[in-house]
Structures are given as structure tokens and as C-alpha cells.
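Here the numbering used here runs 1 ahead of the position in the sequence shown, where the first position is 1. Beta carbons are placed, not taken as given, at the ideal position from N, Cα and C, and that holds for glycine. Notes follow once the structure below has been shown.
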Amino acid sequence: MSEGPVIQKGHERALGNGMSLQRVLGMVAEFRKDNDRTPIVMMGYANPIERFG
Numbered sequence: 002m003s004e005g006p007v008i009q010k011g012h013e014r015a016l017g018n019g020m021s022l023q024r025v026l027g028m029v030a031e032f033r034k035d036n037d038r039t040p041i042v043m044m045g046y047a048n049p050i051e052r053f054g
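Structure (C-alpha cells):
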């Protein structure tokens, strides 16, 4: 990864705990069921989004 060791460790931790783009989008969908007013800003890399379709 092109980020520093702290970001890389965070990525490893998230992936090790089963986090994925699909899971994040599911969490956002669940949140939206109860709260449609709070803005959500998502950041990420283009590659996982392209792979997701």
C-alpha cells in the first residue's frame, strides 16, 4: 500500500475483521432506514469500487 504504516495497519485490521465494500454499503443502508438526514461522506480507493461494479 502507498500509505504509511499506521494506515496500512488499519487496513489489515479492518480486512482481518471481515470488512468489505459490500459490508460498508450494507451498514450505510441499515443506517439510512432510521436516519435519512445525517450526511454520509465515504472515502476510499477507486480499485475496490471498480471491482464492486
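Per-residue DSSP class, three states only, for residue i
| i | result |
| --- | --- |
| N36 | coil |
| G11 | helix |
| N18 | coil |
| G5 | coil |
| G27 | helix |
Where the alpha helix (DSSP H) containing residue i begins and where it ends
| i | result |
| --- | --- |
| I56 | There is simply no residue 56 to check, as the chain begins at 2 and stops at 54 in what is shown. |
Integer-rounded CB distance, given that residue j should sit under 8 Å from residue i
| i | j | result |
| --- | --- | --- |
| L22 | P49 | 5 Å |
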